[in-house]
Amino acid sequence: MVIVVTDSCASIPAPMVQELGIEVVPYHVHTARGTLRDGVDMPADEFYQWLKTTPDWPTTANPSAGEYLEAFRQAMRRGNSVVVISMTGTGSGGYQSAMLAKRLAEQELPDVTVEVVDTQQVAMAHGWSVIQAARAALIGLPINDVTTAARKFAEQGFVGFTNDTLEYLQRGGRIAKVTSMVGDFLSVKPIIGMRNGMPSPLAVARTRAGAYRQIINLALRKIPQGSTIRAALMHVSAREEVEKLRPLLEESYQVIEWVVAQLSPALGVHSGPGTVGISIIPETV
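Each residue of the sequence shown is one higher than the last, beginning at 367 in my numbering.
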(Lines of atoms letter the chains of each structure in order from A and count residues from 1; the text may use other names and numbers.)
(Lines give C-alpha, C1' and ligand atoms only; values in the text may rest on other atoms or scores of the structure.)
Protein backbone atom coordinates (compact mmCIF):
# COMPACT_ATOMS: atom_id res chain seq x y z
CA MET A 1 0.00 0.00 0.00
CA VAL A 2 1.14 3.54 -0.76
CA ILE A 3 1.30 5.96 2.18
CA VAL A 4 1.16 9.69 1.48
CA VAL A 5 3.45 11.96 3.48
CA THR A 6 3.23 15.73 3.44
CA ASP A 7 4.16 18.80 5.47
CA SER A 8 1.96 20.85 7.77
CA CYS A 9 1.77 23.77 5.33
CA ALA A 10 -0.79 21.79 3.32
CA SER A 11 -3.22 23.04 6.00
CA ILE A 12 -5.49 20.00 5.64
CA PRO A 13 -8.07 19.82 8.45
CA ALA A 14 -7.10 17.24 11.07
CA PRO A 15 -10.18 15.01 10.56
CA MET A 16 -9.30 14.60 6.87
CA VAL A 17 -5.69 13.81 7.74
CA GLN A 18 -6.85 11.03 10.04
CA GLU A 19 -9.51 9.72 7.69
CA LEU A 20 -7.11 9.47 4.75
CA GLY A 21 -4.15 8.12 6.72
CA ILE A 22 -1.80 10.96 5.77
CA GLU A 23 1.52 11.30 7.60
CA VAL A 24 2.19 14.99 8.35
CA VAL A 25 5.67 16.36 9.04
CA PRO A 26 5.47 19.71 10.87
CA TYR A 27 7.25 22.89 9.92
CA HIS A 28 8.73 24.89 12.81
CA VAL A 29 7.74 28.33 14.07
CA HIS A 30 10.42 30.16 16.05
CA THR A 31 9.08 32.65 18.60
CA ALA A 32 10.34 34.44 21.69
CA ARG A 33 8.46 31.76 23.63
CA GLY A 34 10.44 29.00 21.98
CA THR A 35 10.13 26.81 18.91
CA LEU A 36 6.71 25.40 18.09
CA ARG A 37 5.98 22.42 15.90
CA ASP A 38 3.43 23.64 13.40
CA GLY A 39 0.01 22.23 14.16
CA VAL A 40 1.28 20.25 17.15
CA ASP A 41 2.39 22.42 20.05
CA MET A 42 -0.22 25.22 19.96
CA PRO A 43 -3.71 25.32 18.45
CA ALA A 44 -3.87 27.62 15.45
CA ASP A 45 -6.58 29.81 16.99
CA GLU A 46 -4.46 30.38 20.08
CA PHE A 47 -1.38 31.12 17.98
CA TYR A 48 -3.16 33.72 15.87
CA GLN A 49 -4.64 35.46 18.90
CA TRP A 50 -1.13 35.72 20.28
CA LEU A 51 0.23 36.91 16.91
CA LYS A 52 -2.23 39.83 16.87
CA THR A 53 -0.82 41.26 20.09
CA THR A 54 2.83 40.25 20.30
CA PRO A 55 5.71 42.58 19.38
CA ASP A 56 7.67 39.43 18.62
CA TRP A 57 8.08 38.57 14.95
CA PRO A 58 8.07 34.78 14.48
CA THR A 59 10.14 33.07 11.82
CA THR A 60 9.69 29.67 10.24
CA ALA A 61 11.89 26.73 9.31
CA ASN A 62 11.29 23.65 7.21
CA PRO A 63 11.43 20.09 8.57
CA SER A 64 14.78 18.36 8.56
CA ALA A 65 15.64 15.32 6.48
CA GLY A 66 15.69 13.35 9.72
CA GLU A 67 12.10 14.31 10.47
CA TYR A 68 11.01 13.15 7.03
CA LEU A 69 12.93 9.91 7.48
CA GLU A 70 11.12 9.27 10.76
CA ALA A 71 7.82 9.85 8.95
CA PHE A 72 8.89 7.21 6.41
CA ARG A 73 9.54 4.77 9.25
CA GLN A 74 6.08 5.43 10.65
CA ALA A 75 4.55 5.03 7.21
CA MET A 76 6.19 1.64 6.77
CA ARG A 77 4.12 0.28 9.64
CA ARG A 78 1.12 0.56 7.32
CA GLY A 79 2.50 0.34 3.80
CA ASN A 80 5.42 -0.54 1.56
CA SER A 81 5.93 2.65 -0.44
CA VAL A 82 5.79 6.39 0.17
CA VAL A 83 4.81 9.42 -1.88
CA VAL A 84 5.97 12.68 -0.34
CA ILE A 85 4.01 15.71 -1.53
CA SER A 86 5.63 18.99 -0.55
CA MET A 87 4.68 22.63 -0.69
CA THR A 88 6.52 24.60 -3.34
CA GLY A 89 10.25 23.96 -3.33
CA THR A 90 10.85 27.46 -4.71
CA GLY A 91 11.70 29.61 -1.72
CA SER A 92 11.20 26.81 0.79
CA GLY A 93 13.59 24.09 1.90
CA GLY A 94 11.02 21.40 2.64
CA TYR A 95 11.30 19.79 -0.77
CA GLN A 96 15.08 19.62 -0.47
CA SER A 97 14.78 18.00 2.96
CA ALA A 98 12.39 15.41 1.55
CA MET A 99 14.76 14.64 -1.31
CA LEU A 100 17.65 14.16 1.13
CA ALA A 101 15.44 11.90 3.24
CA LYS A 102 14.67 9.85 0.14
CA ARG A 103 18.40 9.28 -0.40
CA LEU A 104 18.83 8.32 3.27
CA ALA A 105 15.89 5.93 2.99
CA GLU A 106 17.53 4.19 0.04
CA GLN A 107 20.29 3.16 2.46
CA GLU A 108 18.24 2.50 5.60
CA LEU A 109 15.05 1.15 4.00
CA PRO A 110 16.22 -0.44 0.74
CA ASP A 111 12.96 -2.33 0.20
CA VAL A 112 10.89 0.86 0.32
CA THR A 113 10.10 2.96 -2.74
CA VAL A 114 9.96 6.71 -2.09
CA GLU A 115 8.80 9.31 -4.59
CA VAL A 116 8.85 13.07 -3.93
CA VAL A 117 6.51 15.56 -5.62
CA ASP A 118 7.09 19.32 -5.58
CA THR A 119 3.61 20.77 -6.02
CA GLN A 120 4.86 24.32 -6.72
CA GLN A 121 1.81 25.29 -4.66
CA VAL A 122 0.94 26.45 -1.16
CA ALA A 123 -1.87 26.02 1.34
CA MET A 124 -4.86 24.01 0.13
CA ALA A 125 -3.69 24.10 -3.50
CA HIS A 126 -0.95 21.89 -2.09
CA GLY A 127 -3.47 20.24 0.24
CA TRP A 128 -5.87 19.20 -2.53
CA SER A 129 -3.00 17.46 -4.30
CA VAL A 130 -2.30 15.54 -1.09
CA ILE A 131 -5.96 14.69 -0.48
CA GLN A 132 -6.56 13.36 -3.98
CA ALA A 133 -3.33 11.36 -3.95
CA ALA A 134 -4.25 9.85 -0.58
CA ARG A 135 -7.66 8.89 -1.94
CA ALA A 136 -5.97 7.20 -4.88
CA ALA A 137 -3.72 5.31 -2.47
CA LEU A 138 -6.64 4.18 -0.33
CA ILE A 139 -8.35 2.47 -3.27
CA GLY A 140 -5.15 0.56 -3.94
CA LEU A 141 -3.68 2.36 -6.93
CA PRO A 142 0.07 1.76 -7.46
CA ILE A 143 2.68 4.33 -6.59
CA ASN A 144 3.06 5.61 -10.16
CA ASP A 145 -0.65 6.43 -10.33
CA VAL A 146 -0.63 8.08 -6.91
CA THR A 147 2.34 10.22 -7.91
CA THR A 148 0.70 11.15 -11.21
CA ALA A 149 -2.50 12.17 -9.40
CA ALA A 150 -0.53 14.41 -7.05
CA ARG A 151 1.25 16.16 -9.90
CA LYS A 152 -1.82 16.62 -12.08
CA PHE A 153 -4.03 18.06 -9.34
CA ALA A 154 -1.21 20.41 -8.30
CA GLU A 155 -0.83 21.62 -11.88
CA GLN A 156 -4.56 22.12 -12.39
CA GLY A 157 -5.30 23.78 -9.06
CA PHE A 158 -5.85 27.47 -8.40
CA VAL A 159 -5.11 29.42 -5.23
CA GLY A 160 -5.79 33.07 -4.51
CA PHE A 161 -5.96 35.01 -1.27
CA THR A 162 -6.10 38.54 0.04
CA ASN A 163 -5.68 40.58 3.21
CA ASP A 164 -6.12 44.18 4.30
CA THR A 165 -2.39 44.63 4.77
CA LEU A 166 0.92 43.65 3.19
CA GLU A 167 2.73 44.05 6.51
CA TYR A 168 3.10 40.37 7.32
CA LEU A 169 4.07 39.40 3.78
CA GLN A 170 6.66 42.16 3.61
CA ARG A 171 8.17 41.51 7.03
CA GLY A 172 8.36 37.82 6.29
CA GLY A 173 10.30 38.55 3.11
CA ARG A 174 7.97 36.32 1.10
CA ILE A 175 6.79 38.71 -1.61
CA ALA A 176 9.42 41.17 -2.74
CA LYS A 177 7.66 41.30 -6.11
CA VAL A 178 4.52 42.59 -4.43
CA THR A 179 6.46 45.46 -2.93
CA SER A 180 7.75 46.49 -6.33
CA MET A 181 4.30 46.18 -7.89
CA VAL A 182 2.16 48.12 -5.48
CA GLY A 183 4.81 50.50 -4.21
CA ASP A 184 3.29 53.02 -1.89
CA PHE A 185 -0.30 51.90 -2.44
CA LEU A 186 -0.49 49.97 0.79
CA SER A 187 -4.17 50.80 1.22
CA VAL A 188 -5.17 48.47 -1.63
CA LYS A 189 -6.18 44.86 -1.16
CA PRO A 190 -3.58 42.68 -2.90
CA ILE A 191 -4.64 39.40 -4.48
CA ILE A 192 -1.80 36.91 -4.11
CA GLY A 193 -1.46 33.65 -6.00
CA MET A 194 1.25 31.37 -7.33
CA ARG A 195 3.42 32.06 -10.34
CA ASN A 196 6.41 29.83 -11.14
CA GLY A 197 6.28 28.39 -7.65
CA MET A 198 6.39 31.71 -5.80
CA PRO A 199 3.69 33.79 -4.11
CA SER A 200 3.13 36.60 -6.57
CA PRO A 201 0.77 39.55 -7.07
CA LEU A 202 -2.05 38.69 -9.44
CA ALA A 203 -4.20 41.81 -9.02
CA VAL A 204 -5.20 44.56 -6.60
CA ALA A 205 -8.56 45.93 -5.50
CA ARG A 206 -9.74 48.91 -3.50
CA THR A 207 -12.22 47.02 -1.33
CA ARG A 208 -12.63 43.60 0.21
CA ALA A 209 -15.66 42.92 -1.98
CA GLY A 210 -13.67 43.91 -5.04
CA ALA A 211 -10.82 41.64 -3.99
CA TYR A 212 -13.17 38.69 -3.62
CA ARG A 213 -14.58 39.26 -7.08
CA GLN A 214 -11.05 39.54 -8.49
CA ILE A 215 -10.13 36.20 -6.93
CA ILE A 216 -13.08 34.54 -8.66
CA ASN A 217 -12.24 36.20 -11.98
CA LEU A 218 -8.67 34.92 -11.74
CA ALA A 219 -9.91 31.43 -10.89
CA LEU A 220 -12.10 31.47 -14.00
CA ARG A 221 -9.02 32.04 -16.15
CA LYS A 222 -7.60 28.74 -14.87
CA ILE A 223 -10.74 26.64 -14.51
CA PRO A 224 -13.64 27.48 -16.86
CA GLN A 225 -17.01 28.67 -15.63
CA GLY A 226 -19.50 25.87 -15.05
CA SER A 227 -16.81 23.30 -14.27
CA THR A 228 -17.36 20.74 -11.53
CA ILE A 229 -14.85 21.46 -8.78
CA ARG A 230 -13.75 20.80 -5.23
CA ALA A 231 -13.32 24.00 -3.24
CA ALA A 232 -11.47 25.04 -0.10
CA LEU A 233 -12.23 28.23 1.77
CA MET A 234 -9.00 29.25 3.51
CA HIS A 235 -8.52 31.79 6.26
CA VAL A 236 -6.35 33.04 9.08
CA SER A 237 -8.52 33.80 12.10
CA ALA A 238 -11.33 34.95 9.78
CA ARG A 239 -13.84 32.09 9.78
CA GLU A 240 -16.93 34.22 9.23
CA GLU A 241 -15.35 36.52 6.65
CA VAL A 242 -14.19 33.71 4.39
CA GLU A 243 -17.79 32.53 3.99
CA LYS A 244 -18.38 35.56 1.76
CA LEU A 245 -16.48 33.69 -0.96
CA ARG A 246 -18.79 30.67 -0.90
CA PRO A 247 -21.71 32.20 -2.85
CA LEU A 248 -19.32 33.70 -5.39
CA LEU A 249 -17.93 30.24 -6.10
CA GLU A 250 -21.41 28.77 -6.29
CA GLU A 251 -22.35 31.35 -8.92
CA SER A 252 -19.51 30.22 -11.17
CA TYR A 253 -19.02 26.50 -10.54
CA GLN A 254 -20.66 23.22 -9.62
CA VAL A 255 -19.04 22.52 -6.26
CA ILE A 256 -19.16 18.86 -5.22
CA GLU A 257 -16.94 19.13 -2.14
CA TRP A 258 -16.26 21.91 0.34
CA VAL A 259 -13.43 22.18 2.84
CA VAL A 260 -12.95 25.05 5.27
CA ALA A 261 -9.30 25.25 6.31
CA GLN A 262 -7.45 27.58 8.61
CA LEU A 263 -3.92 28.13 7.31
CA SER A 264 -1.28 26.49 9.45
CA PRO A 265 0.73 28.93 11.60
CA ALA A 266 3.84 28.32 9.48
CA LEU A 267 1.94 29.90 6.58
CA GLY A 268 -0.30 32.29 8.48
CA VAL A 269 2.62 34.03 10.13
CA HIS A 270 3.59 35.27 6.67
CA SER A 271 0.11 36.32 5.52
CA GLY A 272 -1.32 37.52 8.82
CA PRO A 273 -4.66 37.42 10.62
CA GLY A 274 -7.55 38.41 8.40
CA THR A 275 -6.26 36.53 5.37
CA VAL A 276 -8.99 34.85 3.34
CA GLY A 277 -8.85 32.96 0.07
CA ILE A 278 -9.81 29.95 -1.99
CA SER A 279 -8.21 26.94 -3.54
CA ILE A 280 -10.08 24.95 -6.17
CA ILE A 281 -9.38 21.92 -8.32
CA PRO A 282 -11.36 20.37 -11.16
CA GLU A 283 -13.20 17.17 -10.29
CA THR A 284 -10.98 15.19 -12.65
CA VAL A 285 -7.70 15.88 -14.42
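All C-beta atoms in this analysis are idealised placements derived from N, C-alpha and C, irrespective of residue type, glycine included.
- Check residue 402 in the structure and name its three-state DSSP category. Residue numbering aside, residue 402 sits at position 36 when the sequence shown is read from its first letter. In this structure, residue 402 counts as strand in the three-state DSSP scheme.
- Message: Measuring alpha carbon to alpha carbon, tell me which residue in 515, 505, 510 is nearest residue 498.
- Response: Within the sequence shown, numbered from 1, the residue matching residue 498 stands at position 132. The residue with the shortest Cα to Cα distance from residue 498 is 515.
- Query: Relative to the C-alpha of residue 408, which residue among 436, 632, 457 is closest?
  - Reply: Stepping through the sequence shown from its first residue, residue 408 is reached at position 42. Looking from the CA of residue 408, the closest CA among 436, 632, 457 belongs to 632.
- Segments assigned alpha helix (DSSP H), at least 4 residues, entirely inside the segment 611-646: The DSSP assignment places complete alpha helix (DSSP H) segments of no fewer than 4 residues inside the segment 611-646 at 612-618, 631-637, in order along the chain.
- Task: Write down the C-beta distance between residue 509 and residue 481 rounded to the nearest angstrom, noting that I regard them as a contact closer than 8 angstroms.
- Result: Taking the first residue of the sequence shown as position 1, residue 509 is located at position 143. Taking the first residue of the sequence shown as position 1, residue 481 is located at position 115. The pair is a contact, with the Cβ atoms about 6 angstroms apart (cut-off 8 angstroms).
- Query: Tell me, which residues are paired with residue 379 by DSSP?
  - Reply: Here residue 379 refers to the residue found at position 13 of the sequence shown. Residue 379 has no beta-bridge partner at all, per DSSP.
- Query: Are there 16 or more other CB atoms within 10 angstroms of the CB of residue 376, so buried, or fewer, so exposed?
  - Reply: Here the question's residue 376 lines up with position 10 in the sequence shown. Per the 10 Å Cβ criterion, buried.
- Out of curiosity, what's the CA-to-CA distance linking residue 623 and residue 386? Here residue 623 corresponds to residue number 257 of the sequence shown, with the count starting at 1. Here residue 386 corresponds to residue number 20 of the sequence shown, with the count starting at 1. If I take the Cα positions, the gap works out to 15 angstroms.
- Of the choices 422, 452, 367, 520, whose alpha-carbon is the least far from that of residue 392? As a working mapping, residue 392 is identified with position 26 in the sequence shown. Its Cα nearest to that of residue 392, the residue 452 stands out among 422, 452, 367, 520.
- On the three-pair Cβ rule with 8 angstroms, is the segment 484-493 touching the segment 580-595? Segment contact: the segment 484-493 against the segment 580-595, fewer than three CB-CB distances shorter than 8 angstroms; contact not assigned.
- Item | Proximity below 7 angstroms, CB of residue 604 to CB of residue 640 | For the purposes of this step, residue 604 is identified with residue 238 of the sequence shown, where counting begins at 1. For the purposes of this step, residue 640 is identified with residue 274 of the sequence shown, where counting begins at 1. Cβ atoms of residue 604 and residue 640: closer than 7 angstroms.
- Message: Once the 5 residues before and after residue 550 are set aside, which same chain residues still bring their CB inside 6 angstroms of it?
- Response: Here residue 550 refers to the residue found at position 184 of the sequence shown. Because the pLDDT at residue 550 is just 41, under 50, the model does not fix this residue reliably, and the point stays unresolved.
- Item | Sequence-distant residues of the same chain with beta carbon closer than 8 angstroms to residue 367, five excluded per side | Within the sequence shown, residue 367 is the residue found at index 1, counting from 1. Contacts found: 444, 445, 446, 447, 503, 506.
- Report all residues from its chain with a CB closer than 8 angstroms to the CB of residue 411; omit the five preceding and five following residues, and keep chain order. Numbered from its first residue, the sequence shown carries residue 411 at position 45. The beta carbon of residue 411 sits closer than 8 angstroms to the beta carbons of 603, 628 from its chain, once the five residues preceding and following it are set aside; these are given in chain order.
- Query: Which residue or residues does DSSP assign as beta-bridge partners of residue 528?
  - Reply: Along the sequence shown, one-based indexing puts residue 528 at 162. Looking at the DSSP output, residue 528 sits in a beta bridge with 557, 642.
- Task: Work out the CA separation of residue 467 and residue 434 for me, nearest whole Å.
- Result: Along the sequence shown, one-based indexing puts residue 434 at 68. Along the sequence shown, one-based indexing puts residue 467 at 101. Looking at the two C-alpha atoms, the distance is approximately 6 angstroms.
- Message: Within 10 Å of its beta-carbon, does residue 533 have 16 or more other beta-carbons around it, so buried, or fewer, so exposed?
- Response: Looking up residue 533 in the sequence shown gives position 167. With a threshold of 16 other beta carbon atoms within 10 Å, residue 533 falls short and is exposed.
- Does the distance from the CB of residue 441 to the CB of residue 521 come in under 7 angstroms? As a working note, residue 441 is residue 75 in the sequence shown. As a working note, residue 521 is residue 155 in the sequence shown. At least 7 angstroms separates the beta-carbon of residue 441 from that of residue 521.
- Task: Reducing DSSP to helix, strand and coil, say where residue 388 ends up.
- Result: Numbered from 1 along the sequence shown, position 22 holds the residue referred to as residue 388. In the structure shown, residue 388 falls within a coil segment according to DSSP collapsed to helix, strand and coil.
- Message: Distance check for residue 378 and residue 449, CA to CA, integer angstroms please.
- Response: Here the question's residue 449 lines up with position 83 in the sequence shown. Here the question's residue 378 lines up with position 12 in the sequence shown. When rounded, the distance between both Cα atoms is 17 angstroms.
- Within its chain, find whatever has a CB closer than 7 angstroms to the CB of residue 682; leave out the 5 residues flanking it on each side and keep chain order. Residue 682 cannot be examined here, being either before or after the span of the chain that is shown, 367 to 651.
- Is it buried or exposed for residue 406, if we count other Cβ within 10 angstroms and need 16 for buried? Numbered from its first residue, the sequence shown carries residue 406 at position 40. That one is exposed.
- Less than 7 angstroms separating the beta-carbons of residue 558 and residue 527? Your numbering for residue 558 matches position 192 in the sequence shown. Your numbering for residue 527 matches position 161 in the sequence shown. In contact: residue 558 and residue 527 (Cβ atoms closer than 7 angstroms).
- Do residue 525 and residue 491 come within 7 angstroms of each other at the CB atom, strictly closer than that value? Position 125 of the sequence shown, counted from the first residue, corresponds to residue 491. Position 159 of the sequence shown, counted from the first residue, corresponds to residue 525. Taking 7 angstroms as the Cβ cut-off, residue 491 and residue 525 qualify as a contacting pair.
- Message: So if DSSP puts residue 488 in a beta bridge, which residue, or which two residues, is it bridged to?
- Response: Reading the sequence shown from its first residue, position 122 is the one you call residue 488. Per the DSSP secondary-structure output, residue 488 pairs with nothing in a beta bridge.
- Message: Please state the DSSP three-state secondary structure of residue 507.
- Response: Locating residue 507 in the sequence shown gives position 141, counting from the first residue. In the structure shown, residue 507 sits in coil (DSSP, three-state: anything other than H, G, I, E or B).
- Tell me where the alpha helix (DSSP H) around residue 435 begins and ends. The residue given as residue 435 occupies position 69 in the sequence shown. Residues 431-441.
- Message: Applying the 10 Å Cβ sphere with the 16-neighbour rule, what's the burial state of residue 494?
- Response: Along the sequence shown, read from residue 1 onward, the residue named residue 494 stands at position 128. Residue 494 should be labelled buried.
- Taking residue 586 as the reference, which of 566, 607, 615 has the closest Cα? The residue given as residue 586 occupies position 220 in the sequence shown. Ranking the options by Cα distance to residue 586, first place goes to 615.
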